[in-house]
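Participant: Handing you a structure now.
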Amino acid sequence: MKKHSTNLRVRLPALVFALEVMIVVLYIFFVTYDDQTNALLQNNETKPLENAVYKVYPFFADIQVMIFIGFGCLLAFFRRYGFGGMAFNFLMATFAIQWAILIQGFFQFYDNGKIHLGVINLINAEFVCAVVLISFGAVLGKTSPVQLLVMALLEVPVFAVAEWIVVKYLKINDAGGSILVHLFACYFGLGTTFILYRPSLNEGHSKECTSYHSDMLSLLGTLFLWVVWPSFNCALTLRGDDQHRAILHTFIGLSASTITAFALSAMLSKNGKLSMADVQNVTLAGGVTVGASVDMMISPAAAYILGVLGCTACMLGYKYLSPFLAQKLRIQDQCGIHNLHGLTGLIATIAGICAILLASEETYGPSLYQTFPYRAPQDGDPRLAELQKLIPGLEAGLGRTAQEQALYQLAALGTAIAIAAVGGMLTGLVLKLPYLASPTDESCFDDELFFNVPLEYHQVQELQDAGCSETQVKQVLAN
Amino acid sequence: MKKHSTNLRVRLPALVFALEVMIVVLYIFFVTYDDQTNALLQNNETKPLENAVYKVYPFFADIQVMIFIGFGCLLAFFRRYGFGGMAFNFLMATFAIQWAILIQGFFQFYDNGKIHLGVINLINAEFVCAVVLISFGAVLGKTSPVQLLVMALLEVPVFAVAEWIVVKYLKINDAGGSILVHLFACYFGLGTTFILYRPSLNEGHSKECTSYHSDMLSLLGTLFLWVVWPSFNCALTLRGDDQHRAILHTFIGLSASTITAFALSAMLSKNGKLSMADVQNVTLAGGVTVGASVDMMISPAAAYILGVLGCTACMLGYKYLSPFLAQKLRIQDQCGIHNLHGLTGLIATIAGICAILLASEETYGPSLYQTFPYRAPQDGDPRLAELQKLIPGLEAGLGRTAQEQALYQLAALGTAIAIAAVGGMLTGLVLKLPYLASPTDESCFDDELFFNVPLEYHQVQELQDAGCSETQVKQVLAN
Amino acid sequence: MKKHSTNLRVRLPALVFALEVMIVVLYIFFVTYDDQTNALLQNNETKPLENAVYKVYPFFADIQVMIFIGFGCLLAFFRRYGFGGMAFNFLMATFAIQWAILIQGFFQFYDNGKIHLGVINLINAEFVCAVVLISFGAVLGKTSPVQLLVMALLEVPVFAVAEWIVVKYLKINDAGGSILVHLFACYFGLGTTFILYRPSLNEGHSKECTSYHSDMLSLLGTLFLWVVWPSFNCALTLRGDDQHRAILHTFIGLSASTITAFALSAMLSKNGKLSMADVQNVTLAGGVTVGASVDMMISPAAAYILGVLGCTACMLGYKYLSPFLAQKLRIQDQCGIHNLHGLTGLIATIAGICAILLASEETYGPSLYQTFPYRAPQDGDPRLAELQKLIPGLEAGLGRTAQEQALYQLAALGTAIAIAAVGGMLTGLVLKLPYLASPTDESCFDDELFFNVPLEYHQVQELQDAGCSETQVKQVLAN
């Protein structure tokens, strides 16, 4: 009966078809084209080459690579769970994006009874998708595809609420999503895995390890994430010099964390050798740590230092904190997202607050009020008119001081972590419901459970050695 | 003698050098730069940043990824035919593009005795290349590189004729190439494999299967195709909102077919497990099904539904139609191109016709006559002058009604399939000629035939266990 | 003691932290934002969408793929040195780029006591990085990460001096970097490997071979290099038609060398089979051979012929020259960089000189003096005013004739090779210092030396067969 309970034949299609009906109905009744996509809204003054698609598509394309290829390969690091890592990432990502288009659409792109759709919505939805995939890292190998879809189904709206509170009420600076993406995703994932605690896995699992080829593929995923990360961090910044800085800082931060990761990996290992898990994960820490201040005038040196700090925290986390969390706090964080997204997200948030407190007109000129729009004077303030002479398009802000803005950042930090942790735990409870095909402890990290896995070559030869006829072998292979 | 007949030592260089001499001669006498590439045609009013290269290069780059990396990895799914899948794809693609530049150049870019060349020709040639590579899928593992080059040599001109008839005389809407690319490629490939029928392969072949690593690599190819498909479907659409919609619809269609593929894979398998072949192929169906209407105002919901429909047809095709074709109709379709490109291409064509019949000025406004240029009023029609007030650049069309346009789409469908099937069969006959190094049935799907394949690790150890000296082993390895 | 000397536990962190302190100090004191990145320098006339980042970022992104993914996979071709190939490439590249930003910054972007930083500096630094990685190919598998960092540490300034002499004094045309990138990198690498000569490796090494999977991964790297090479060759050309031609010629040259490589591989092999090493390397020769003339009006036919010539030279080099160099001249060129970058670089240089000698106003019009800026008339020459009427922005040049320019190209060739060879040999001497963890001959090409390598599946089974308990096996795996 245990065995039967992981059969996907009915469960997966039933859930998928239900989700699809829901999505199609919502699409039919609530989704229409935005004004850059709707043929009817183009007129004789429209310049096709100035369509918004050309500003956002290159970044969208890079983020697609990040989501599907970068995450897909990186999560395929287990010896016998490559299919699961890569294919479930594919499944979850496609669903999460569609679901985020709708949920986020209701919160942010809803007008006149309709969600207005363009490629910019896809980018926003892919940020939500990144959140879901990071959380996925905490439960990798221990969940069925049915559970993963349910997890995405629940996480997307919880995230949308948190995002809505932060964007609508708290109004923070966080171009790289350190708070909303990385910290939220981390604590949601930890909440879920805390509830899904499996004591027996703390004693080790024979499949919970890598192979030479899975390590190579996973590193390839790291390289893809590394290469497109600047596009991720700059996709939602202001155009122009802000976006230029975001690319520069991300690149420098990643470079610093990469070289540091190699050094620390050798230094902290028993035998003075490098560990591929460090090369795959810790190298990326700098991309997160520069996130909250990525578009600010922090200086290239600060980006470099943030990369080194983030990498060090992440590495120490893998080495000392993760085992502690698993053994003492029942938090089995499979991919160590608390190190790569949690600790680094905290550093990023603190760095962002420092950058906010240090930001002044001396450094930014009047464009200070573009990079920090909530510090711009309020409507009616005579200072606003003055600034608008210098920057014609400047919009009225909230007249916040740097200190006030810093407090809002802290408030956002608390809000995101609280909602994430509670949401994650509730999601964990739902995932424990029967009928969701949860794997047994023994069948964790094993593709055999959910996939028809091809025989290895030596298995074929064993069959032949055992006297199977050519036809019998072919039948086994064709299965 | 059989064995000798697959030796490439003379055959392959002889053919390649002959092709290269032909290509060089044609380049010398008939190819020159177009007016965006020719230094002589730039003048003091030229704005370098408005050179056409900047509009098309990003799409060209994405299609390069599709052709060389996406197809290359996807076709490497056989356990022992990874070299063949990836390297023959590389060989065929580079030749097909060069050949298409010339052949398509004569049909479409010929002026004053010269083919005028810019990056836009490369994009067009890569569409032809995609046709050749799809057809290749039908005969994968059963053909020599010599045969594959001959196949490309013949398919490109046959395609160019079909394209010329459709573009010059029938004039259809088919931005994603559902008819010209997918259906043509499918029936050409089926025609070829029909002639190359190998009865013994219907009984199975011990190498006709995947391995864990080949499945992973093939899925990586799928992910690359998935990620760049929007660029493929929008590369040749009108700039502006049309291109914006094409990206949106492709993404939505692919998302829908991906999640559906997982559900159907579990549902239709005997043991309720997922099959990697489905995840690799059927997930992509939505990219084809939205193709013919991809730039039209079909609504996001319709794109989603097309993805689901396409995926379902494709999956049922793999499950029930492919075995039938192989057993009863002598059509051994190795990669199931009839499912992924044929059935989906038909659905796309029908969807395109529906979208054409439903298109009206109420939905599109006056830009209806840009998206459907053949419905624009003819020269001299007073309605044209009226419309030109609304859209200054509008060109005179053919004054077709929606119904007329629908009939032309049907005519193109018939034309493409007929030319493709006949051309494919004739090509198959040519490929049966002697001296083309056709593999024997036993050596199909096996890299040993055409490549020096490195020994596996256990083979090396067997040599050492068998008492070979270090030097002898090194000699074997160095070979 | 020998064994102990390759322990990275102290050596690698010590070197890395020293380098990081140096980099941070230099960043703090000498690096600031350039005028496209500095918020303070934007004003009410700044158009954010015209920020320089949008012109260069797409090319930067492609070159990132080339450096980290293309090189990373290509260099992972050894059976048991995949971690080393891919991860050391990652380490070296990140350090080399940071170091090049600083060193090159002092030579080329230094103003008012500061290096001014934007994404354009990153592109320039990635060209230097490509140089370092090509040289790395000569010593792949025979060097420790400590040695590799030292090599990058020394090669970057030596290169910067050569570049400075060529750019500042000789002033040549070399858009694709045939002389400065490929030839310099080649002779630097050969110089280094000459000094690091290991006689015992000439007798073969049991790990110096590929496996099926490493060959596939390496070919994937080739395909990435192939696909993004046009971006590399055009990244630093003039915008407009020059860049358009550079893309076109690179694509044609690569296509020609690819198909030729397949033909020659079959022709020159003993048994008429293809060799993957040829498909991985020789196919790329055309990208180098078109390099020096890539933006000139050489005609598409010439680009094709250059691809064929380059491929032929490269293939003959692998077949006959490399063994000769290793056996007779003590130059063990691991990846055959002398074939892929040296011989082809020479051909490219000669082709560039021919293209310069043939260039005339008849072919280029007045933009001749933009593509060849040093041939533009000098300040004060009445011809300059005349030309400036035709091309408003034309700057004064050096009034060189074609013949003079050709001589300067030759001078640059000699300068680059001489500096590279001497610099490479001196670097080799430094790398022979003790404490740099140089591998012994037996442990070359083996990841076990510097990485914790996961057990293979059959090794796990052997442990179990040998009576190890589940717990013991888990401990071994967890290590």
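Protein chains in written order, with full-length UniProt numbering: chain F, 1 to 479; chain W, 1 to 479; chain D, 1 to 479.
Just so you know, even glycine gets a beta-carbon here, dropped at the ideal spot from N, CA and C.
By how many angstroms is the C-alpha of F:Gln-409 removed from the C-alpha of F:Asp-379?
Facilitator: As a position in the first sequence, residue 379 of chain F is number 379, starting the count at 1. As a position in the first sequence, residue 409 of chain F is number 409, starting the count at 1. Each residue's alpha carbon lies about 23 Å from the other.
Participant: Below 8 Å on the Cβ atoms is my guess for D:Val-308 versus W:Glu-20; work out the distance and round it to an integer in Å.
Facilitator: Mapped onto the third sequence, residue 308 of chain D falls at position 308. Mapped onto the second sequence, residue 20 of chain W falls at position 20. In this structure D:Val-308 is in contact with W:Glu-20, their Cβ atoms being roughly 6 Å apart against a cut-off of 8 Å.
Participant: Of the choices D:Gly-113, D:Arg-80 and D:Leu-12, whose alpha-carbon is the least far from that of D:Gln-147?
Facilitator: One-based indexing of the third sequence puts residue 147 of chain D at position 147. Checked all of D:Gly-113, D:Arg-80 and D:Leu-12; the closest Cα to D:Gln-147 is D:Leu-12.
Participant: Taking the beta strand (DSSP E) that residue 523 of chain W falls in, what are its first and last residues?
Facilitator: The requested residue 523 of chain W is not part of the displayed model; chain W covers only 1 to 479.
Participant: Does DSSP classify D:Ile-298 as helix, strand or coil?
Facilitator: Sequence index remark: in the third sequence, residue 298 of chain D carries index 298 (1-based). In this structure, D:Ile-298 counts as coil in the three-state DSSP scheme.
Participant: Quick check on D:Val-453 - is its C-beta less than 7 Å from some C-beta in chain W?
Facilitator: Position 453 of the third sequence, counted from the first residue, corresponds to residue 453 of chain D. Answer no: the Cβ-Cβ gap between D:Val-453 and chain W never drops below 7 Å.
Participant: If you measure between the beta carbons of F:Ile-74 and F:Thr-222, is that distance less than 7 Å?
Facilitator: Numbered from 1 along the first sequence, position 74 holds the residue referred to as residue 74 of chain F. Numbered from 1 along the first sequence, position 222 holds the residue referred to as residue 222 of chain F. One detail in the question is off: residue 74 of chain F reads as Leu in this sequence, not Ile. Taking 7 Å as the Cβ cut-off, F:Leu-74 and F:Thr-222 qualify as a contacting pair.
Participant: Can you check DSSP and say which residues form a bridge with residue 501 of chain D?
Facilitator: Chain D is shown from 1 up to 479; residue 501 of chain D falls before or after that span and cannot be answered.
Participant: Need the endpoints of the alpha helix (DSSP H) that F:Lys-328 sits in, please.
Facilitator: Your numbering for residue 328 of chain F matches position 328 in the first sequence. Residues 322-328.
Participant: Which runs of the alpha helix (DSSP H) at least 4 residues long sit entirely within the segment 367-422 of chain W? Give them in chain order.
Facilitator: 368-371 and 382-390, all fully within the segment 367-422 of chain W.
Participant: In the structure shown, what three-state DSSP assignment does D:Tyr-435 receive?
Facilitator: For the purposes of this step, residue 435 of chain D is taken as the residue at position 435 of the third sequence. It is coil, neither helix nor strand.
Participant: In the DSSP assignment, find the alpha helix (DSSP H) that holds D:Lys-55 and state where it starts and stops.
Facilitator: Residue numbering aside, residue 55 of chain D sits at position 55 when the third sequence is read from its first letter. Run containing D:Lys-55: 53-64, per the alpha helix (DSSP H) assignment.
Participant: Counting only Cβ-Cβ distances shorter than 7 Å, please list the residues of the segment 361-393 of chain W near chain F, keeping chain order.
Facilitator: Thr-363, Tyr-364, Gly-365, Ser-367, Thr-371, Leu-390, Ile-391 and Pro-392
Participant: Spell out whether any CB of chain W is found under 7 Å from the CB atom of F:Ile-115.
Facilitator: Here the question's residue 115 of chain F lines up with position 115 in the first sequence. Not closer than 7 Å to any Cβ of chain W, the Cβ of F:Ile-115 fails to qualify, so no.
Participant: Short of 7 Å Cβ to Cβ, which residues in the segment 95-127 of chain F face chain W?
Facilitator: Of all residues in the segment 95-127 of chain F, Phe-95, Ile-97, Gln-98, Leu-117, Gly-118, Val-119 and Leu-122 have a Cβ within less than 7 Å of some Cβ in chain W.
Participant: Compare the Cα-Cα distances from F:Glu-189 to each of F:Thr-283, F:Glu-361 and F:Ile-337 and report the closest residue.
Facilitator: Here residue 189 of chain F corresponds to residue number 189 of the first sequence, with the count starting at 1. According to the sequence shown, residue 189 of chain F is Gly rather than Glu. Looking at the Cα atoms, F:Ile-337 is the closest of the given residues.
Participant: In terms of residue numbering, what span does the beta strand (DSSP E) encompassing F:Ile-115 cover?
Facilitator: The residue you call residue 115 of chain F lines up with position 115 of the first sequence. DSSP places F:Ile-115 in the uninterrupted beta strand (DSSP E) bounded by 114-117.
Participant: Under 7 Å, do D:Ala-416 and D:Phe-68 count as touching if we go by C-beta distance?
Facilitator: On the third sequence, residue 416 of chain D is found 416 positions in, with the first residue counted as 1. On the third sequence, residue 68 of chain D is found 68 positions in, with the first residue counted as 1. Result no, Cβ atoms of D:Ala-416 and D:Phe-68 do not sit closer than 7 Å.
Participant: Just verifying my parser: in three-state terms, what is the DSSP assignment at F:Leu-254?
Facilitator: Translated into positions along the first sequence, residue 254 of chain F becomes position 254. The answer is helix: DSSP assigns F:Leu-254 an H, G or I state.
Participant: Could you give the residue range of the alpha helix (DSSP H) that holds F:Met-92?
Facilitator: As a first step, residue 92 of chain F must be located in the first sequence, where it is residue number 92. F:Met-92 -> alpha helix (DSSP H) spans 89-108.
Participant: For the putative contact between D:Gln-36 and D:Gly-118, defined by C-beta atoms under 8 Å, what is the C-beta separation to the nearest angstrom?
Facilitator: Position 36 of the third sequence, counting from 1, holds the residue named residue 36 of chain D. Position 118 of the third sequence, counting from 1, holds the residue named residue 118 of chain D. Yes, they are in contact, since the Cβ atoms of D:Gln-36 and D:Gly-118 sit about 5 Å apart, within 8 Å.
Participant: Out of curiosity, what's the CA-to-CA distance linking W:Trp-226 and D:Ile-347?
Facilitator: If you number the second sequence from 1, residue 226 of chain W lands on position 226. If you number the third sequence from 1, residue 347 of chain D lands on position 347. The straight-line gap from Cα to Cα measures roughly 39 Å.
Participant: For the alpha helix (DSSP H) that contains W:Cys-354, what are its first and last residues?
Facilitator: Reading the second sequence from its first residue, position 354 is the one you call residue 354 of chain W. From DSSP, the alpha helix (DSSP H) with W:Cys-354 extends over 344-358.
Participant: Just reading off the alpha helix (DSSP H) that D:Leu-170 is part of, what are its end residues?
Facilitator: As a working note, residue 170 of chain D is residue 170 in the third sequence. Unbroken run through D:Leu-170: none, as it is neither H nor E.
Participant: Just verifying my parser: in three-state terms, what is the DSSP assignment at W:Asp-441?
Facilitator: Translated into the one-based positions of the second sequence, residue 441 of chain W becomes position 441. W:Asp-441 falls in the coil class under three-state DSSP.
Participant: Taking 7 Å as the threshold (C-beta atoms), are W:Gly-345 and W:Ser-178 in contact?
Facilitator: Locating residue 178 of chain W in the second sequence gives position 178, where the first residue counts as 1. Locating residue 345 of chain W in the second sequence gives position 345, where the first residue counts as 1. Yes.
Participant: State the Cα-Cα distance for the pair D:Met-1 and D:Asp-441, rounded to the nearest angstrom.
Facilitator: As a first step, residue 1 of chain D must be located in the third sequence, where it is residue number 1. As a first step, residue 441 of chain D must be located in the third sequence, where it is residue number 441. A caution first: D:Met-1 carries a pLDDT of 36, below 50, which makes its placement in the model unreliable, though a value can still be read off. Going by the C-alpha atoms only, they are around 15 Å apart.
Participant: Quick one: Cα of W:Leu-17 to Cα of F:Glu-50, how far?
Facilitator: Taking the first residue of the second sequence as position 1, residue 17 of chain W is located at position 17. Taking the first residue of the first sequence as position 1, residue 50 of chain F is located at position 50. For the sequence presented, residue 17 of chain W should be read as Phe rather than Leu. Whole-angstrom Cα-Cα distance: 47 Å.
Participant: Which word fits F:Asn-202, buried or exposed, when buried means at least 16 other C-beta atoms lie within 10 angstroms of its C-beta?
Facilitator: The residue given as residue 202 of chain F occupies position 202 in the first sequence. With fewer than 16 Cβ atoms within 10 Å of its Cβ, F:Asn-202 is classed as exposed.
Participant: Classify F:Phe-232 as helix, strand or coil using the three-state DSSP reduction.
Facilitator: Within the first sequence, numbered from 1, the residue matching residue 232 of chain F stands at position 232. Of the three classes helix, strand and coil, the one that applies to F:Phe-232 here is helix, per DSSP.
Participant: Using a C-beta cutoff of 7 Å, does W:Lys-273 count as contacting chain F?
Facilitator: Counting from one through the second sequence, the residue named residue 273 of chain W turns up at place 273. W:Lys-273 counts as touching chain F.
Participant: Could you have a look at F:Phe-136 and say whether DSSP puts it in helix, strand or coil?
Facilitator: The sequence position of residue 136 of chain F within the first sequence is 136, counting from 1. Correct three-state label for F:Phe-136: helix.
Participant: For F:Leu-196, which of helix, strand or coil comes out of DSSP?
Facilitator: Taking the first residue of the first sequence as position 1, residue 196 of chain F is located at position 196. Three-state result, F:Leu-196: coil.
Participant: What are the partner residues of W:Phe-451, as DSSP defines its beta bridges?
Facilitator: Within the second sequence, the letter at position 451 stands for residue 451 of chain W. Note: W:Phe-451 sits in a beta bridge opposite D:Leu-274.
Participant: Our contact map puts F:Val-24 next to W:Ala-301 with C-beta atoms below 8 Å; I'd like the distance itself, whole angstroms only.
Facilitator: Residue numbering aside, residue 24 of chain F sits at position 24 when the first sequence is read from its first letter. Residue numbering aside, residue 301 of chain W sits at position 301 when the second sequence is read from its first letter. The C-beta separation of F:Val-24 from W:Ala-301 comes to about 6 Å, placing the pair in contact by the 8 Å criterion.
Participant: Taking the alpha carbon of D:Met-79 as the reference point, which residue from F:Leu-180, F:Gly-253 and F:Tyr-212 has its own alpha carbon closest?
Facilitator: For this step, residue 79 of chain D is matched to residue 79 along the third sequence. A quick correction: the sequence has Arg, not Met, at residue 79 of chain D. The shortest C-alpha separation from D:Arg-79 is found at F:Tyr-212.
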